[in-house]
Structure formats: C-alpha cells, structure tokens
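In the numbering used here, the protein residues as written are 2 to 204.
C-beta atoms are modelled at their ideal positions from N, C-alpha and C, and glycine is treated no differently.
I have placed the structure first, in the form of structure tokens, so that the comments after it can refer back to it.
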C-alpha cells in the first residue's frame, strides 16, 4: 500500500508521538494515490498501532463488509484519519482506546492537511463523529448527518494564529457511522446499508 507521506514526515510524526506518553505507534494513511474515495476514521486502535496499518482490528472486519457492499477493494481507496497514533488511557494498569484530544488533533493537523490538499477532488467518506468534526467543525451528530452528501470547505490548521480556518476549495463529504459503532449497535445496520447504497451512486 502506498502513502502520501515522505520518510521525513513519518520520522517527525513518530517523534511527536513518542513525546506524548498517552500515544503509541504510528499508522500512516495508505491506499491508492488516485482513489475512488478517501475514508477518514478517528485514530488507530491497538491492532493498528501494533501492525502499522489502518483498520486491521475488529472494526476493520466490519469495514471490509462495507467495502464489499460498495464493490471496491482497499487498494482502490485511501484510508487516513485526523490522528495517526493510538490514543489510550490507563485503568488498573491496562491500556484502553480513547478519543483523541483537541490538542492531539491540532498536533497532527499538518499531516492531515497535507493529505487533504493532495486528495482534493475525491469524495471524503468520514466514519463517525471525530473525522467529520475535524473536517467541518463541531460538535456534530452523526445520527443526523449520515448518508447525506455535503459540499463545503474543510478546516485547515492555521499554525500562525493557532486556530482552524476554512479552505478556499470545497470538498464532497459523505458521513457514515463508524464501524465500531455498528458492532455495538447492530440495529443500525439497515441504516448503514441504505447509506452505502446512496454512496455507491457517487462512486
């Protein structure tokens, strides 16, 4: 699988991850460099951090089912996210996944913005709230926004002013539930299927 990141960018990102005691691993965005669409998740989990590839754990198995429904393979799309290292918390000495903090998202912003600039013109398929909020601002409720094509600017991190600003270019954004959510709430599966049927019209 190809990535848009250079070795220098990856080395710098690993250094940043290593400086945060509650991040581990580094998982570059990967896939086709001229993809049918771009999938934007949240952050790597334990399996992803261990293997260095996105969506290789339980959520990845669910995602594979969705890709089959869409009639595409992983090597035809590009998968990334707003944070490329695993955020975790400790409880009774054990690590568990958590959502990335706003600061972690900001620290990772240059990498993500670089990918979005390179991938403009492609549909951005967000998985869950975090990826969608990173693109359009938040808070958002995926339960109200899933399955609808949006066409609007996205947020870009303004390093000089330490805040997000909107891009001049508009992107097509199609929000979906996160695969992990559907694994917990199987009753939403029919909604996902309908969303995938709708997405298929655009790809």
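Helix, strand or coil at residue i [DSSP, three-state]
{"i": "residue 172", "result": "strand"}
{"i": "residue 95", "result": "strand"}
{"i": "residue 39", "result": "strand"}
{"i": "residue 78", "result": "coil"}
{"i": "residue 107", "result": "helix"}
{"i": "residue 243", "result": "The requested residue 243 is not part of the displayed model; the chain covers only 2 to 204."}
{"i": "residue 7", "result": "coil"}
{"i": "residue 132", "result": "helix"}
{"i": "residue 120", "result": "coil"}
{"i": "residue 31", "result": "strand"}
{"i": "residue 126", "result": "strand"}
{"i": "residue 142", "result": "coil"}
{"i": "residue 202", "result": "coil"}
{"i": "residue 61", "result": "helix"}
{"i": "residue 193", "result": "helix"}
Where residue i falls, given that 16 or more other Cβ within 10 Å makes a residue buried
{"i": "residue 61", "result": "buried"}
{"i": "residue 26", "result": "buried"}
{"i": "residue 156", "result": "buried"}
{"i": "residue 97", "result": "exposed"}
{"i": "residue 186", "result": "exposed"}
Those residues which DSSP pairs with residue i across a bridge
{"i": "residue 89", "result": "98"}
{"i": "residue 180", "result": "For residue 180, which the question treats as bridged, DSSP gives no partner whatsoever."}
{"i": "residue 153", "result": "172"}
{"i": "residue 67", "result": "Paired residues: none, contrary to the question."}
{"i": "residue 159", "result": "164"}
{"i": "residue 25", "result": "87"}
Contacting residues, own chain, Cβ-Cβ under 6 Å from residue i (five flanking each side not counted)
{"i": "residue 12", "result": "none"}
{"i": "residue 168", "result": "154, 155 and 157"}
Residues near residue i in its chain [Cβ-Cβ closer than 7 Å; skip 5 each side]
{"i": "residue 99", "result": "88, 89 and 90"}
Any non-hydrogen atom of the ligand PLP closer than 7 Å to residue i Cβ
{"i": "residue 122", "result": "This structure does not include the ligand PLP; it has no bound ligands of any sort."}
Legend entry - Touching by the beta-carbon criterion (3+ pairs, under 8 Å), the segment 16-24 and the segment 66-78: no
Inset, instruction - Could you tell me whether the segment 112-119 touches the segment 144-152, where touching means 3 or more Cβ pairs closer than 8 Å? - result: no
Legend entry - Contact the segment 77-88 vs the segment 161-173: 3+ CB pairs below 8 Å: no
Legend entry - contact_flag[the segment 120-127, the segment 174-193] where n(CB pairs < 8 Å) is 3 or more: yes
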